[in-house]
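Below is one structure, written out as C-alpha cells, with a few remarks after it.
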Amino acid sequence: MAITVAEMLKMSQAQLDELFTQSPVGEIPSGEAKGTAIIAPGTTYTQDMANFVNHFAWQGKIFDPAKGILRNKILPFGLNAII
14 MAITVAEMLK
24 MSQAQLDELF
34 TQSPVGEIPS
44 GEAKGTAIIA
54 PGTTYTQDMA
64 NFVNHFAWQG
74 KIFDPAKGIL
84 RNKILPFGLN
94 AII
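If you're matching positions, the sequence shown starts at 14 in the numbering used here and goes up one per residue.
Set out below in C-alpha cells:
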C-alpha cells in the first residue's frame, strides 16, 4: 500500500518510525531527487513548516551511489551540502 506525502505529514514521529522500520529496502537512487521535509511530525504545524523549509531552505537531495555520497540541496539556489 502506497502512502502519500499528505498522509505522512499527518503521522506522529512514532508512526513514521514504524512506517520506515516496516518498509522494504529499495534500490539506492542515483541523481537528483525532490522530497518533503517533515518537521514537527504529528503537530498542527507540520504542513506549514514543511512548506516553509521546502521553499526557503531544503531543495532536495543528490544521490551518488558509486561514491557512496548523499548531498542535500539547500537554499533557493541549490547549494550542495553534506548534512
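Even glycine gets a Cβ: it sits at the ideal position worked out from N, Cα and C.
Within 7 Å, strictly: CB atoms of residue i and residue j
{"i": "L22", "j": "T59", "result": "yes"}
{"i": "V18", "j": "T57", "result": "no"}
Residues of its chain near residue i, where Cβ-Cβ distance is below 7 Å and the 5 sequence neighbours each way are ignored
{"i": "A53", "result": "T59, M62"}
Contacting residues, own chain, Cβ-Cβ under 8 Å from residue i (five flanking each side not counted)
{"i": "I51", "result": "M21, L22, L29, T59, A63"}
Spatial distance of residue i from residue j (CA atoms)
{"i": "K74", "j": "E45", "result": "6 Å"}
{"i": "V66", "j": "I82", "result": "22 Å"}
{"i": "V38", "j": "H68", "result": "29 Å"}
{"i": "M24", "j": "Q72", "result": "22 Å"}
Cβ-based burial, residue i [other Cβ within 10 Å; buried from 16]
{"i": "Q35", "result": "exposed"}
{"i": "Q26", "result": "exposed"}
{"i": "K86", "result": "buried"}
Chain-order list of residues whose beta-carbon lies under 6 Å from that of residue i (same chain, five-residue window excluded)
{"i": "S43", "result": "F76, P78"}
* To do: Please go through the stretch 39–84 and give each complete alpha helix (DSSP H) segment of 4 or more residues, from N-terminal end onward.
  => 59–69
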